[in-house]
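Protein chains in written order, with my numbering: chain R, 1279 to 1773; chain G, 1279 to 1773; chain H, 1279 to 1773. We treat Cβ as the ideally placed atom computed from N, Cα and C, and that holds for glycine. Here's the structure, in structure tokens; my notes come after.
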């Protein structure tokens, strides 16, 4: 066994990477002997993740040190943790051995019982508030909201199915697990289960490890072998877990990307995105709390949607939330029409007037009992106005919010027209509504709400002007509508 | 009232952000008592903008200090300013109270008469040369060039109009102010007028502010309540006004984006964009003058189009210009065909041989009297060759310019063919030319010149090869042309 | 003549740009008198490239110094070079005068015989291993692989040809050299030949220079006037030649871009791309060797595909290779179907069962004798698994590789269906197979393999989920397939 010195020398070698200012003068907490054993082997087996962990806060701090900070600077929301977790740095062993009894993926690994997948339920040990908030979000339920919803799961199947050509006709097959895993479920998350053990060859010889289904996956709503939902590493990637990365818009941009969820693209084109891009080297990306004007001079996604933001004089602008819809009154993307945010994160249980698990009917009527009240909407607008208020007047914010709501209505009206055109095609037997996603004219309709209306609404919300105009926005809404009508005219003649 | 010390302590707290090298040893000019009063309240009301201002040159310098610099390093082009503006830092009060008699948006705000919108005519106090140049540019006239031109305003209306489905037919409505404001006018600028006053709730109670139309807006050609045109903040965002931001390509990329003006996308893919991306941390982004090789090793948009650029030995490569077309001989985007740059910035007054306010006819004949002469074109080529000459031989530049001109002609020829195909459809009554923008085949024609030809020309001008090939360029020009012909064949049969 | 001091003072002026740590204390090697003469003139004629060269390793080191380094840190692979090249810095004259007898572009320039184009065969003097590896790559043969292959050259011609409208019909002309040079050949490379001399005007008067065809060009496979193939400057841009730039994904992104080769776009959206974007300021971009965890914490293109990568304990993870396909077992893009990597870099010599120079038939059968064996594929998978192994378990890597291979097969199957649909159209005389690229339904087929299948395969390989789903991936594969069928239905009726 290598002495602790080996790790410390690594620390020294990594000063270039991340050394909190002034940290040299503070005594570092000890590394547990178990974590040291992990490191001794893994700095050869998977050296990159050991080195990455060494750049993390976890490698430089103990829970005790975290708890000693003033409330507003704290990164741990627990008020106490078990004694054996308190004093050492937060290392491999500390995280990969929690809640053993729940972990179907716990296994013997060179004499230690560890598990592969550290889940939100494990992170909850030190970060209970964050995990509690997250558990109520749509993100935590991202797998079920997609796959337990028959409408959405039909869309997934239709998009990813293999299609053959048989006796002069297209014949659709059944979508494979692989096709879904590399596309939709890569963001939404897969259902990861343990199917016994399997042997793999390593430099240390043949070893036995749990045999996972649908693995690897870091989708934000992943169903884990310990029964929990979510994957913190979707935004806080292993093993730096850096708040800095989670706060950068590129992290959100992994999933919130054009054409269906172009939040990142729109943001990047906005003045906010422009300033952040231009001044990113000057920002203090890992300050807790995050102070407007001092640590950043224009908002990233995290500023508006979830970070703990303060003013230079120490006032709290917005509390941290890991329920990413909690500050929002209206839901702008993902569905056919915009609508008030759902009350809970589990949206596949909604039942609308069409008896479908969707927040609005195909005509646009909201399933009001499942959506937040007008009062709650106002409360959230006020909360969000506070965030804008760091730099903008309340007049500015109010007018901007009106612009969002008006644009959402205008986009919804264009979708409603498209839905009527499609219904006309169905009525004339020019298309078959059995599967509303599989024929050319239906796919144009999908593009209208999933690509074009989503884009226009987000473009108004974050001032991404090109996206409101020619890139998917207004141009495409009208262009596609007239194309749909043309398709009907032609089909009428040639059918 | 807080003492000046409060502001100075903020200065200290912001050292991380921006501290001109060596500045500590220079005595900072004073903050006027009026600006101090603004800051005292707004560091609570809108702390972000106060902190952002503190990162600006304005907050660290007086006009007197600016005037004392050698000519080539000067950021102020005025030779003198009023005494009361000379000695203090350039703060809130200094800018928000200029030319009171012109400002219809001037109002009483806690005992001070201020105005909300600081316009180019205000900035002109210290920066007259820049504003004068800008006033002759197409940018300054961006609202009128779009909305006072009946052809373009019809395009705007057609793209952003709501469309309903009524008795089995699409029925177009009238575009809303909101739809235009979030899309086209977000870049071009809105007409901002004052319609009396309105009350808003603030932490300091109910206050009265001017009631603006079409607000907020930072479009580059905005029509302001003081009668001036333009918005400096489009490129120099409030309240850092950083030259650093204006010089970064992302700033231009807010509006010059695919599919209609993909200058930013093309640049980003070019070798120039690649080097700038790779070495941006090494560049000195705010040096005045900007020295090729020393401050940057590959050009951004600003280097070629408007910055004051010098060589390491102090020679001026190009003078600063805020008329962004002044170095250009040919206009590559925005119109149906490429053509020599217009003589003036106000293009809606052009009359071509079709009697339309466009720089060429639909057949491609230029409205020569409104466009720069062959001699002026040569002069500008020579100016631009000088910029290229910082790193490239004159042989290289000349061949590159030939490539631009040849590609512009080739793109124009493809557009001309598309126009002929459309005219054929009109002649056969397969489409109605009353509105040339609203039917499917007409929209394909719009895509040809507005998306594909624009892209190909810009791709040649800035060496963005993928955009010349498959991303909107040659591929789409031919692909769309054959699709247009197919549409005619089908329409002939089914009409 | 200016003294050497002038250059040294420039060195000092450029400290901000690039100064290897500790370099100040080492005596810099001398600048040769010939290079000094170049610099004396060119710091006025083209100051940017002189300044850029001063930021290079070449300007700070001699070959002797490079040879003195430990093997793993060496940037020169030569074991010795000619005496006159050993002791001075690597300057203008050292590189622009090599192999004079081979250079058809050698000419007299103010008393010195120099050549304009420094080719891989010149770089080989000090970097023989890199050039040898490169010469076997597909990149080195990028011009011939495109233009000597009749199938591909027909695609190039069809995409870039001018099309006129003549007596109511589209009539395709012949693609110009300019059109090909600004698009396809800008990445692939042009054939550069010397056609005598030409005079150009310079500040030093009229001078004679070689008259090049198809110039300028920095395509990776450029055919040079000295008979060699390639352009090192495609990735190591003049005159910094910085390894830092070559290692940044934006460099690869100049050519590997959507819609046809969206490797960069996919990577940028992946977790790897996200981490690199977020932490790029912390990476040590020019360390040789490049150490996982210490110099970078997530891979760029270069890490996986060609860089010399080591672990913190000094083990070599992967040897450097300038044959960019050498670590890959399967070829995912550019062709109709995926297939094992070709044995050699010159792919236009392949003959498949259709007698065409393509690695598979139109039905998908591989031209096995020209492709690497199953054994070689396994060897390369193992090599690549080693790279993943810096951070991931072998279980993870293996599952990821399975996902790549499965997705490639699924994408291939969708292309095969599209090919069958097209063959059906050909069989029914609804399209003419004489040119398989020029009619609307054929262009949809091209989009299927060149845009959509390429994207889906690359999205699986680098975990760019949106690209696997809605951005060109599965969505477009099915959408386009049903559109192709619709086109056939309509054509049947209207033909």
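(request) Tell me whether residue 1523 (chain G) is buried or exposed, calling it buried when 16 or more other Cβ atoms sit within 10 Å of its Cβ. (result) On the second chain, residue 1523 (chain G) is found 245 positions in, with the first residue counted as 1. Flag for residue 1523 (chain G) reads buried.
(request) Could you check which residue in R:1719, R:1353, R:1755, R:1654 has the C-alpha nearest to that of residue 1730 (chain R)? (result) Counted from its first residue, the first chain places residue 1730 (chain R) at position 452. For residue 1730 (chain R), the nearest C-alpha among the options comes from R:1755.
(message) I'd like to know if residue 1418 (chain G) contacts chain H, where contact means its C-beta is closer than 7 Å to some C-beta of that chain.
(response) Here residue 1418 (chain G) refers to the residue found at position 140 when the second chain is read from its first residue. Answer no: the Cβ-Cβ gap between residue 1418 (chain G) and chain H never drops below 7 Å.
(message) Looking at chain H, is there any beta carbon in it that lies within less than 7 Å of the beta carbon of residue 1528 (chain R)?
(response) Residue mapping note: residue 1528 (chain R) aligns to position 250 of the first chain, counting from 1. Cβ-Cβ to chain H under 7 Å: yes for residue 1528 (chain R).
(message) What ranges does the beta strand (DSSP E) occupy inside the stretch 1437-1470 of chain G, keeping only unbroken runs of at least 3 residues that lie completely in it?
(response) 1441-1444, 1447-1450
(request) Quick one: using the 10 Å Cβ neighbour count with 16 as the cut-off for buried, is residue 1725 (chain G) buried or exposed? (result) Sequence index remark: in the second chain, residue 1725 (chain G) carries index 447 (1-based). Buried is the call here.
(message) Looking at residue 1610 (chain R): is its Cβ nearer than 7 Å to the Cβ of residue 1736 (chain R)?
(response) To locate residue 1610 (chain R), count along the first chain from 1; it is residue 332. To locate residue 1736 (chain R), count along the first chain from 1; it is residue 458. For residue 1610 (chain R) and residue 1736 (chain R), yes; Cβs fall inside 7 Å.
(message) Using only the alpha-carbon positions, how far apart do residue 1335 (chain H) and residue 1344 (chain H) sit?
(response) Within the third chain, residue 1335 (chain H) is the residue found at index 57, counting from 1. Within the third chain, residue 1344 (chain H) is the residue found at index 66, counting from 1. Taking the straight line from one Cα to the other gives about 10 Å.
(request) Could you check which residue in G:1506, G:1521, G:1557 has the C-alpha nearest to that of residue 1528 (chain H)? (result) The residue labelled residue 1528 (chain H) in the question sits at position 250 within the third chain. Comparing Cα positions, the closest option is G:1557.
(request) Give the interface partners of residue 1571 (chain G) over in chain H, defined as CB-CB distance under 7 Å, in chain order. (result) Counting from one through the second chain, the residue named residue 1571 (chain G) turns up at place 293. Near residue 1571 (chain G) (Cβ distances below 7 Å), the residues of chain H are 1325, 1326, 1328, 1329, 1330.
(message) Helix, strand or coil, according to DSSP, for residue 1718 (chain R) in the structure here?
(response) As a first step, residue 1718 (chain R) must be located in the first chain, where it is residue number 440. Three-state result, residue 1718 (chain R): helix.
(request) Return no unless some Cβ of chain H is closer than 7 Å to the Cβ of residue 1376 (chain R). (result) By one-based count along the first chain, residue 1376 (chain R) stands at place 98. No, residue 1376 (chain R) lies away from the interface with chain H (no Cβ there is under 7 Å from its Cβ).
(message) Quick check: what's the CA-CA separation for residue 1593 (chain G) versus residue 1621 (chain H)?
(response) Position 315 of the second chain holds residue 1593 (chain G). Position 343 of the third chain holds residue 1621 (chain H). Distance between the alpha carbons of residue 1593 (chain G) and residue 1621 (chain H) is about 54 Å.
(message) Is there a C-beta anywhere in chain C that falls below 7 Å from the one on residue 1441 (chain R)?
(response) Given the protein chain composition of this structure (R, G and H), no chain C is represented.
(request) State the DSSP-derived secondary structure class of residue 1527 (chain R), mapped to helix, strand or coil. (result) Residue numbering aside, residue 1527 (chain R) sits at position 249 when the first chain is read from its first letter. In the structure shown, residue 1527 (chain R) sits in a helix (DSSP, three-state: H, G or I).
(message) So, with DSSP's three-state summary, where would you put residue 1398 (chain G)?
(response) As a first step, residue 1398 (chain G) must be located in the second chain, where it is residue number 120. Helix at residue 1398 (chain G).
(message) Taking CB distances under 7 Å as the criterion, tell me whether residue 1487 (chain R) reaches chain H.
(response) By 1-based counting over the first chain, the position of residue 1487 (chain R) is 209. Closer than 7 Å: yes.
(request) Mind listing, in chain order, the continuous beta strand (DSSP E) runs of no fewer than 3 residues lying wholly within the stretch 1346-1424 of chain G? (result) 1384-1387, 1390-1393
(request) For the stretch 1355-1374 of chain H, enumerate the residues whose C-beta is nearer than 9 Å to any C-beta of chain R, in chain order. (result) none
(message) Is it buried or exposed, residue 1301 (chain H), if we count other Cβ atoms within 10 angstroms and call 16 or more buried?
(response) Your numbering for residue 1301 (chain H) matches position 23 in the third chain. The predicted position of residue 1301 (chain H) is uncertain, since its pLDDT is 42 and thus under 50; a value taken from the coordinates is nonetheless stated next. It counts as exposed.
(request) Taking all protein chains shown into account, decide if residue 1645 (chain R) is buried (16 or more other Cβ within 10 angstroms of its Cβ) or exposed. (result) For the purposes of this step, residue 1645 (chain R) is identified with residue 367 of the first chain, where counting begins at 1. Flag for residue 1645 (chain R) reads buried.
(message) For a cutoff of 7 Å on Cβ pairs, would you count residue 1732 (chain G) as touching chain H?
(response) Counted from its first residue, the second chain places residue 1732 (chain G) at position 454. Taking Cβ atoms only, chain H never reaches closer than 7 Å to residue 1732 (chain G), which makes this a no.
(request) Consult DSSP for residue 1628 (chain R) and reduce its assignment to one of helix, strand or coil. (result) In the first chain, residue 1628 (chain R) corresponds to position 350, counting from 1. Note: residue 1628 (chain R) maps to coil in three-state DSSP.
(request) Check the Cβ of residue 1461 (chain H) against every Cβ in chain G and list those closer than 7 Å, keeping chain order. (result) As a working mapping, residue 1461 (chain H) is identified with position 183 in the third chain. In chain order: 1743, 1746, 1747, 1751, 1752.
(message) In the DSSP assignment, the beta strand (DSSP E) including residue 1480 (chain H) goes from what residue to what residue?
(response) Taking the third chain and counting its residues from 1, one reaches residue 1480 (chain H) at position 202. Looking at the DSSP string, the run of the beta strand (DSSP E) that includes residue 1480 (chain H) is 1472-1480.
(message) 7 Å is my cut-off, CB to CB: does residue 1494 (chain G) come that close to chain R?
(response) For the purposes of this step, residue 1494 (chain G) is taken as residue 216 along the second chain, with counting starting at 1. Yes - at least one Cβ of chain R is within 7 Å of the one on residue 1494 (chain G).
(request) Could you spell out the range, first to last residue, of the alpha helix (DSSP H) harbouring residue 1679 (chain G)? (result) In the second chain, residue 1679 (chain G) corresponds to position 401, counting from 1. Note, residue 1679 (chain G): alpha helix (DSSP H), 1672-1705.
(message) Just checking: is the beta-carbon of residue 1299 (chain H) within a distance shorter than 7 Å of some beta-carbon in chain G?
(response) As a working mapping, residue 1299 (chain H) is identified with position 21 in the third chain. Its pLDDT being 39, under 50, residue 1299 (chain H) is placed unreliably by the model, and the measurement read from it follows with that caveat. With 7 Å as the cut-off, residue 1299 (chain H) does not count as an interface residue toward chain G.
(message) Just verifying my parser: in three-state terms, what is the DSSP assignment at residue 1650 (chain G)?
(response) Counting from 1 along the second chain, the entry for residue 1650 (chain G) is found at position 372. It is coil, neither helix nor strand.
(message) Taking a contact to mean a Cβ-Cβ separation below 7 Å, would you say residue 1223 (chain G) touches residue 1369 (chain G) in this structure?
(response) Here chain G covers residues 1279 to 1773 and nothing more, so residue 1223 (chain G) does not appear.
(request) Note the first and the last residue of the continuous beta strand (DSSP E) segment covering residue 1732 (chain G). (result) Your numbering for residue 1732 (chain G) matches position 454 in the second chain. That residue, residue 1732 (chain G), is in no beta strand (DSSP E); its alpha helix (DSSP H) goes 1732-1740.
(request) Could you tell me if residue 1629 (chain R) is buried or exposed, where buried requires 16 or more neighbouring beta carbons within 10 angstroms of its beta carbon? (result) Position 351 of the first chain, counted from the first residue, corresponds to residue 1629 (chain R). The residue is exposed, with fewer than 16 neighbouring Cβ atoms inside 10 Å.
(message) What would DSSP say about residue 1729 (chain R), mapped onto helix, strand or coil?
(response) Within the first chain, the letter at position 451 stands for residue 1729 (chain R). Of the three classes helix, strand and coil, the one that applies to residue 1729 (chain R) here is helix, per DSSP.
(request) Could you tell me whether the stretch 1478-1486 of chain H touches the stretch 1443-1460 of chain H, using the rule of 3 or more Cβ pairs below 8 Å? (result) no
(request) Answer yes or no: do residue 1490 (chain G) and residue 1470 (chain G) have a C-beta to C-beta separation smaller than 7 Å? (result) Here residue 1490 (chain G) is taken as the residue at index 212 of the second chain, counted from 1. Here residue 1470 (chain G) is taken as the residue at index 192 of the second chain, counted from 1. Yes, these two residues count as a Cβ contact at 7 Å.
(message) Tell me which residue opens and which closes the alpha helix (DSSP H) that residue 1596 (chain G) is part of.
(response) Looking up residue 1596 (chain G) in the second chain gives position 318. Premise fails: residue 1596 (chain G) lies in the beta strand (DSSP E), 1594-1596, not in any alpha helix (DSSP H).
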